[in-house]
Amino acid sequence: MPKIVTLPGDGIGPEVTAAAVEVLREVAPDVTIEEHAIGGGAYEDHADPFPQRTRDALKDADAALLGTVGGAHDSAWNKLPRHLRPESGLLALRRELGCYANLRPVRVLPGLEHLSPLKAEIARGVDILIVRELLGGIYFDQDRRIDGDTAYNTMRYTTPEVERVAKVAFWAAEQRRGRVTSVDKANVLEVSELWRRDVQALRDRDYRSIHLNHEYVDSVAMLVVANPSRYDVILTENLFGDILSDLAAVIPGSLGVMPSASLGDGAGLFEPIHGSAPDIAGQGVANPAAAILSAGMLLRHGLKRPDAANHVDRAVAIALREHPTRDLGGKADTRTFTHAVLEALGTPAVG
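Rendered as structure tokens:
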């Protein structure tokens, strides 16, 4: 029996995770679901943003479903030593699971072009997959410090780190339209020179059917909103991927419809990309679409149940058209939208 660990976290995390769990129970009733703590709430209860109890629960899990972590900018959590802050729990979680590839789909669903801030003719048909390296780069290197009036962070990558995430991007492109755009800043960064060299060498050696091109990150930041349909799979490193995926998230109309999957050699981590939104936490108005779509990615990549995943994706698309949430210009609250998804799923479980 598959085991899923849910990590609701902070802010609106518990609300949107609860919605996703309802959907999972509908389409995969055989799955065992355990809830555990992470983030600021975990620190309050256990003096650790990633408690040992949570680590232990993940050891035999097939997948993890995360809500959100963190608080407001003026939260007392942000005054803690860095290793005790909520976000440190998330970084530790990714390290624990060995999730080195983050997949973020950016898709404008048919009939929902009007929600995009882009012109309908530009937004129509957009279907991008951003593959972001997740365990390396400037976020994870240990050569970091503040020394008086000078601060240091180091961006570092190795060939094995580049190759393993590039393999995920090429594999994904084989399932899609066969095109990969590798994003770097090789004109000024030695790290990007290595990145470009290794991605090209891997393609030439093992993925000759894939069309690969290289673009600078500043160019992609412009073109992903000016002409997003030119992209199929975007492959990039941690920092660039963090920024580009949030930028691309405006295309569908809201972070509230953006899921993600983080994959490695073991259990995958599935989560919405939006933040904890403490300003609306507990009000029942958060958009749970991204969390539910993340559950769909969990079904697809974590449990290898593509039919169930497709069923969830279709149900969310119907609910978004018929009952858009407030962040999308509609009136549906969290409960109303979740009910609409469950209705669209129908009663038979798919699984």
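Read in order, the letters of the sequence shown correspond to residues 1 to 351 in the UniProt record's numbering.
Ideal placement from N, C-alpha and C gives every residue a C-beta, glycine not left out.
Nearest to residue i (by Cα), restricted to the options the options
i: Val233; options: Pro272, Asn187, Phe170, Phe50; result: Phe170
i: Ala120; options: Ala226, Gly67, Arg104; result: Ala226
i: Trp195; options: Arg104, Ala166, Ile210, Thr325; result: Ala166
i: Val188; options: Ala172, Val162, Asp218, Arg164; result: Asp218
i: Glu113; options: Gly329, Leu345, Gly346; result: Gly329
i: Ala186; options: Tyr152, Glu26, Glu237; result: Glu237
i: Ser192; options: Ala317, Ser75, Leu239, Asp74; result: Leu239
i: Asp56; options: Leu91, Asp74, Val5; result: Val5
i: Ile33; options: Asp60, Arg326, Ala221; result: Asp60
i: Leu135; options: Asp204, Val108, Arg164; result: Arg164
i: Pro278; options: Pro110, Phe50, Asp74, Arg179; result: Asp74
Alpha-carbon spacing of residue i relative to residue j, whole angstroms
i: Ala123; j: Ala47; result: 45 Å
i: Ala72; j: Ser88; result: 15 Å
i: Glu15; j: Asp333; result: 11 Å
i: Ala286; j: Ala19; result: 10 Å
i: Gln52; j: Arg321; result: 42 Å
i: Leu303; j: Gly148; result: 49 Å
i: Gly282; j: Leu293; result: 21 Å
i: Val2; j: Ala295; result: Position check: residue 2 holds Pro in this sequence, whereas Val was assumed. Roughly 14 Å separates the two Cα atoms.
i: Gly264; j: Ala289; result: 24 Å
i: Pro160; j: Tyr152; result: 25 Å
i: Ile210; j: Glu174; result: 7 Å
i: Pro324; j: Ile243; result: 26 Å
i: Ala317; j: Leu115; result: 13 Å
i: Ala291; j: Leu298; result: 10 Å
i: Thr347; j: Leu97; result: Only weak support exists for where Thr347 lies, its pLDDT of 42 falling under 50; the value from the coordinates is given anyway. Their backbone Cα atoms lie some 34 Å apart in a straight line.
i: Leu80; j: Leu7; result: 21 Å
i: Ala221; j: Ile273; result: 18 Å
i: Ala315; j: Val108; result: 15 Å
i: Leu58; j: Gly137; result: 25 Å
i: His83; j: Ile146; result: 15 Å
i: residue 409; j: Pro49; result: There is no way to answer for residue 409, as the model of the chain reaches only from 1 to 351.
i: Asp204; j: Ala63; result: 33 Å
i: Glu190; j: Ala172; result: 27 Å
CB contact flag (residue i, residue j, <8 Å)
i: Gly253; j: Pro117; result: yes
i: Ala340; j: Ala308; result: no
i: Thr158; j: Arg144; result: no
i: Val162; j: Asp206; result: no
i: Tyr43; j: Pro86; result: yes
i: Ser260; j: Gly268; result: no
i: Met258; j: Arg94; result: no
i: Leu91; j: Phe270; result: no
i: Gly241; j: Glu133; result: yes
i: His36; j: Thr54; result: yes
i: Gly284; j: Arg326; result: no
Cutoff 7 Å; reference residue i; Cβ partners in own chain excluding five residues on either side
i: Lys331; result: none
i: Leu223; result: Arg230
i: Glu215; result: Thr181, Val183
i: Val250; result: Pro117
i: Thr338; result: Ala19, Glu22, Pro288
i: Val168; result: Ala101, Val131, Leu263
i: Ile280; result: Ile12, Ala286
i: Leu300; result: With the sequence shown as reference, residue 300 is identified as Arg, and Leu is not the correct amino acid for it. Correct list, in chain order: Pro306, Ala309.
i: Asp45; result: Ala37
Neighbourhood of residue i by C-beta distance below 6 Å, restricted to the same chain and skipping five residues each side
i: Gly9; result: Ile38, Gly39, Gly67, Thr68, Val69
i: Arg177; result: Asp232
i: Arg156; result: Asp141
i: Trp77; result: Gly40, Gly71, Arg85, Pro86
i: Val31; result: Pro2, Ile4
Residue(s) in a DSSP beta bridge with residue i
i: Phe270; result: Leu65, Ala261
i: Val183; result: Glu215, Thr236
i: Glu35; result: Thr6
i: residue 382; result: The first residue shown for the chain is 1 and the last is 351, placing residue 382 beyond what the model contains.
i: Thr325; result: Ala332
i: Ala102; result: This sequence places Asn at residue 102; Ala is not what is there. Per DSSP, Arg132, Ser262.
i: Arg107; result: Asp127
Cutoff 8 Å; reference residue i; Cβ partners in own chain excluding five residues on either side
i: Asp313; result: Leu293, Gly296
i: Val106; result: Val126, Asp127, Ile128, Leu129, Ile130, Pro228, Ser245, Ala248, Ala249, Ile251, Pro252, Met258
i: Gly275; result: Gly11, Thr68, Gly70, Leu255
Residue i at chain B interface by Cβ criterion, 8 Å
i: Asp127; result: Reference to chain B is not applicable here, since this structure consists of a single protein chain.
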